[in-house]
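Engineer:
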Amino acid sequence: MTEKLVIFGVGETAHLAYEYFTHDSNYDISAFAVDPEYMKEKIFCGLPVLSLSEVNDKYPPAFHKGFVAVSSGKLNRDRKSMVFKIKNLGYELISYVSSRAFVWPNVEIGENCFILEGNTLQPFTKIGNNVVLWSGNHIGHRSIIHDNCFISSHCVISGFCEIGESSFLGVNCTIEDGVKIGVDNFIGAGAIIRKNTNPDDFYQEDQAKKSVVNTHRLFKIKEN
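For reference, each letter of the sequence shown is one residue, going 0 to 223 in numbering that gives the first Met the number 0.
1) Counting along the chain, where does the beta strand (DSSP E) carrying Phe123 start and finish?
2) Can you tell me whether DSSP reads Tyr95 as helix, strand or coil?
3) Kindly indicate which three-state DSSP category His224 falls into: helix, strand or coil?
4) At the level of alpha carbons, what is the spacing between Gly117 and Arg78?
5) Under 8 Å between the Cβ atoms of Val9 and Tyr37?
6) Using alpha carbons as the reference points, say which of Ser71, Phe31, Cys44, Val69 lies closest to Ser52.
7) Since Lys57 and Val48 are thought to touch, with beta carbons under 8 Å apart, how far apart are those beta carbons, to the nearest angstrom?
8) Which one of Glu161, Glu164, Ile186, Cys160 has the shortest CA to CA distance from Ser152?
9) Measure the alpha-carbon distance for Gly169 versus Val155 and round it to whole angstroms.
10) If you follow the beta strand (DSSP E) that Ile6 is part of, which residue opens it and which one closes it?
11) Could you say which of Phe113, Leu74, Ser80 lies nearest to Ile126 if we only look at CA atoms?
12) List the whole-angstrom C-beta distance separating Ser165 from Leu74, where the pair is believed to meet the contact cut-off of C-beta under 8 Å.
13) In whole angstroms, what is the alpha-carbon distance linking Glu11 and Pro104?
14) Give me the Cβ distance between Gly181 and Gly163, rounded to the nearest whole Å; I'm assuming they're in contact under 8 Å.
15) Taking all protein chains shown into account, do 16 or more other C-beta atoms lie within 10 angstroms of the C-beta of Phe218, making it buried, or fewer, making it exposed?
16) Count the other C-beta atoms from every protein chain shown that fall within 10 angstroms of the C-beta of Ala207, then say buried if there are 16 or more, exposed otherwise.
17) Taking all protein chains shown into account, decide if Ser210 is buried (16 or more other Cβ within 10 angstroms of its Cβ) or exposed.
18) Under a Cβ-count criterion, where at least 16 other Cβ atoms within 10 Å of its own Cβ denotes burial, should Ala61 be classed as buried or exposed?
19) Based on the DSSP output, what are the partners of Glu50 in its beta bridges?
20) Can you have a look at Asn184 and say buried or exposed, based on whether 16 or more other CB atoms are within 10 angstroms of its CB?
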């Protein structure tokens, strides 16, 4: 049985949410809604776009669930702020969990989470509210991801780890067993974290150095 859903946002994240909910859920999307200053068009993905001041009347929370689809700007604070607004409007926020994710039966998942394909959530893991797990991550047994985190693709969070609230993990980073990541951390792409971190820490791997040998010389290419 399908349920009615309003998506809050009209950016790329909202467009992706529309795709995933449309093709891989039991929700029927009724409309999009945004703050008045973001009302640039009245139709998005073929559906009406309303301001937050009018959405309650036309698509009331008594008959519609909500999902906030906003980017991870300012360590997910933009998304967190919108979640607060939508809950105050009375909407129950639901989560999307891909049918192609592996989620052990005793995993706990909060509200307004966006968990895409290829994620592995092992036994006893806990995912807080408003967490994004992009595609292909490994969340090890008994690890905890706190509220408002954004985990990019192909991150490895080993067993017994804890990811502090509003932290961002870049693609291909690795958190070793039992490590606690502090609140408001930014872990850059490819970083390996072996020890506990402090609040507000920023880790960034250097870009790979360019070789003195270019590709034409390496592969013995001679253009005419």
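A virtual CB, placed ideally from N, CA and C, is assigned to each residue, including glycine.
Structural biologist: Reading from the atomic positions:
1) Within the sequence shown, numbered from 1, the residue matching residue 123 stands at position 124. Element bounds for Phe123: n/a, residue is neither H nor E.
2) Working through the sequence shown from its first residue, we reach residue 95 at position 96. In the structure shown, Tyr95 sits in a strand (DSSP, three-state: E or B).
3) With the chain represented from 0 up to 223, any question about residue 224 goes unanswered, as that position is not in the structure.
4) For the purposes of this step, residue 117 is taken as residue 118 along the sequence shown, with counting starting at 1. For the purposes of this step, residue 78 is taken as residue 79 along the sequence shown, with counting starting at 1. Their backbone Cα atoms lie some 23 Å apart in a straight line.
5) The residue you call residue 9 lines up with position 10 of the sequence shown. The residue you call residue 37 lines up with position 38 of the sequence shown. Going by C-beta atoms, Val9 is nearer than 8 Å to Tyr37.
6) For the purposes of this step, residue 52 is taken as the residue at position 53 of the sequence shown. A check of alpha carbon separations from Ser52 across Ser71, Phe31, Cys44, Val69 identifies Phe31 as the nearest.
7) The residue labelled residue 57 in the question sits at position 58 within the sequence shown. The residue labelled residue 48 in the question sits at position 49 within the sequence shown. Val48 and Lys57 do not touch by the CB rule: their CB atoms are close to 11 Å apart, not below 8 Å.
8) Locating residue 152 in the sequence shown gives position 153, counting from the first residue. Selection Glu161, Glu164, Ile186, Cys160 evaluated against Ser152 yields Ile186 as nearest (Cα-Cα).
9) Counted from its first residue, the sequence shown places residue 169 at position 170. Counted from its first residue, the sequence shown places residue 155 at position 156. Each residue's Cα considered, the two are about 11 Å apart.
10) If you number the sequence shown from 1, residue 6 lands on position 7. In the DSSP annotation of this structure, the continuous segment of the beta strand (DSSP E) that includes Ile6 starts and ends at 2-7.
11) Position 127 of the sequence shown holds residue 126. When each option's Cα is compared against that of Ile126, the closest is Phe113.
12) In the sequence shown, residue 165 corresponds to position 166, counting from 1. In the sequence shown, residue 74 corresponds to position 75, counting from 1. Separation of the CB atoms of Ser165 and Leu74 is rounded to 5 Å, and the pair is thereby assigned contact status at 8 Å.
13) Your numbering for residue 11 matches position 12 in the sequence shown. Your numbering for residue 104 matches position 105 in the sequence shown. So the two alpha carbons sit approximately 31 Å from each other.
14) What you label residue 181 is simply residue 182 of the sequence shown in a count that begins at 1. What you label residue 163 is simply residue 164 of the sequence shown in a count that begins at 1. 5 Å between Cβ atoms; contact.
15) Walking along the sequence shown from the start, residue 218 turns up at place 219. Counting every other CB atom within 10 Å of its CB across the protein chains shown gives Phe218 a total below 16, marking it as exposed.
16) Position 208 of the sequence shown, counted from the start, is the residue given in the question as residue 207. It counts as exposed.
17) Walking along the sequence shown from the start, residue 210 turns up at place 211. Ser210 is exposed by the Cβ-count criterion.
18) Locating residue 61 in the sequence shown gives position 62, where the first residue counts as 1. Exposed, by the Cβ-count rule.
19) Here the question's residue 50 lines up with position 51 in the sequence shown. For clarity, residue 50 is Ser in the given sequence; the question names Glu instead. Note: Ser50 sits in a beta bridge opposite Val33.
20) Here residue 184 refers to the residue found at position 185 when the sequence shown is read from its first residue. Buried, since its Cβ has 16 or more Cβ neighbours within 10 Å.
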